[in-house]
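Below is one structure; the comments refer to it alone.
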Amino acid sequence: MKNIICFIFILTLIACSGNKKNKDASLNNLALLADTTPVIVYDDTLPCADCEGIKTRLTLYQNKSKNRYTYSLQEVYLGQGSDKTFETKGIWSALKGTPQDPKAIVYQLDVQNDDPEDGDVINYLVVDKNTIKLIDDEMNEFESKSSYTLTRKEQ
């Protein structure tokens with residue numbers, strides 16, 4: 002009888018700890034996305050190896066009531082005769098932590114290719130309320146003197 006009570010107690014503890022973890026995860030998600038603005042726009046010109054620069058405009062859409070986070074990324078490659086324009090759309094999420102800073106916040110854009118198994122991501126480190134910085138796939142900053150930052154624009 003003692004063993005049964007002990008077993009039930011342990012199962013109850015395990016079940017409760019799992020619920021707390023899920024609850025904490027959703028609270029962290031809300032904390033990471035504390036900005037309640039439904040549309041956030043960042044833009045600037047990023048460096049380019051074979052052109053004058055990449056005019057970049059990132060628009061993040063937040064519909065918290067529907068738990069829907071989408072983005073539109075517009076990139077114009079400057080100085081190549083007629084400027085080449087690309088637009089990417091998809092879903093984004095906020096992640097916590099980079100190899101250098103476990104408290105950092107990263108906006109991660111999911112990029113969908115023609116091959117669903119060949120998905121890719123674009124990562125932006127949140128520098129402050131008005132600035133994000135493009136970082137690599139492993140969430141490390143680029144080792145370059147060029148600026149990889151985008152600045153928030155008021156709507």
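Quick note on our numbering: the sequence shown kicks off at 2 and runs consecutively. Note that beta-carbon positions come from the ideal geometry of N, C-alpha and C, so glycine has one too. From a predicted model like this one, the values you see are computed outputs, not experimental measurements.
How many angstroms separate the CA atom of residue i from the CA atom of residue j?
| i | j | result |
| --- | --- | --- |
| residue 134 | residue 123 | 11 Å |
| residue 42 | residue 61 | 6 Å |
| residue 66 | residue 92 | 16 Å |
| residue 112 | residue 79 | 22 Å |
| residue 82 | residue 104 | 43 Å |
| residue 147 | residue 68 | 35 Å |
| residue 74 | residue 121 | 14 Å |
| residue 64 | residue 129 | 22 Å |
Less than 8 Å between C-beta atoms, sequence neighbours within five positions excluded: which residues of the same chain meet that for residue i?
| i | result |
| --- | --- |
| residue 44 | 56, 57, 58, 59, 151, 152, 154 |
| residue 26 | Because residue 26 sits at a pLDDT of 34, beneath the cut-off of 50, its placement in the model cannot be relied upon, and the following sentence gives the value as read from the coordinates. Taken in chain order, the list of residues that qualify is empty. |
| residue 131 | 152, 153 |
Quick one: give me the first and last residue of the beta strand (DSSP E) that residue i is part of.
| i | result |
| --- | --- |
| residue 111 | 106-112 |
| residue 144 | Where residue 144 is concerned, there is no enclosing beta strand (DSSP E), given that its DSSP letter is neither H nor E. |
| residue 85 | 85-97 |
| residue 159 | The structure shown has nothing for residue 159, since the chain only spans 2 to 156. |
| residue 81 | That residue, residue 81, is in no beta strand (DSSP E); it is neither H nor E in DSSP. |
| residue 129 | 121-129 |
| residue 45 | 40-47 |
| residue 134 | 132-136 |
Suppose the cutoff is 6 Å on Cβ atoms and the five residues either side in sequence are ignored; what does the same chain contact list for residue i look like?
| i | result |
| --- | --- |
| residue 85 | 78 |
| residue 99 | 105, 140 |
| residue 54 | 46, 79 |
Can you name, in chain order, every residue of its own chain whose Cβ lies under 7 Å from the Cβ of residue i, other than the five neighbours on each side?
| i | result |
| --- | --- |
| residue 89 | 74, 112 |
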